[in-house]
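*Asks:* In the working numbering, the protein residues as written are 4 to 106.
(1) For residue 62, count neighbouring C-beta atoms within 10 Å of its own C-beta (all shown protein chains included) and say buried if the count is 16 or more, exposed if not.
(2) Using the rule of at least 16 other Cβ atoms within 10 Å of the residue's Cβ for burial, across every protein chain shown, is residue 14 buried or exposed?
(3) Nearest to residue 34 by CA position, among 46, 73, 16, 53, is which residue?
(4) Near residue 73, which residues of its chain fall below 6 Å by C-beta distance, leaving aside the five closest residues on each side in sequence?
(5) Which of the three DSSP states is assigned to residue 14 in this structure?
(6) If we count the other Cβ atoms within 10 Å of its Cβ and call it buried at 16 or more, is residue 44 buried or exposed?
(7) Taking the alpha helix (DSSP H) that residue 52 belongs to, which residues open and close that run?
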């Protein structure tokens, strides 16, 4: 099972790095401790909606965009999991069939 906090952290980190900004810059702009922001980015702490809004503002990103990326990533993870389960299940043609004797 994928943890939403992990996906949120991944998106926030990726977008911060794309901007070429440091944890220190974002933590100062969002008014959150550097250590806590680091924990959020690593998926170890769950960001409240208020904290997420502050981080998004510091990154100059709409929260809806961050949440859309999280949703897209969750769909990819779920699809991969379903694909893996499908591969583990025996195919219909591989299952033994009931033999019915006539007569």
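Note that the Cβ used here is the ideal one computed from N, Cα and C, for glycine as well.
*Replies:* Quick look at the numbers:
(1) With 16 or more Cβ atoms within 10 Å of its Cβ, residue 62 is classed as buried.
(2) By the beta-carbon neighbour count (other beta carbons within 10 angstroms, threshold 16), residue 14 is buried.
(3) It is 53 whose Cα lies nearest to the Cα of residue 34.
(4) Only residues of its own chain outside the window of five on either side were considered, and among them 10, 11, 14 have a CB closer than 6 Å to the CB of residue 73, listed in chain order.
(5) If DSSP states are grouped into helix, strand and coil, residue 14 belongs with the helices.
(6) Classification for residue 44: buried.
(7) For residue 52, the uninterrupted alpha helix (DSSP H) run begins and ends at 52-61, by DSSP.
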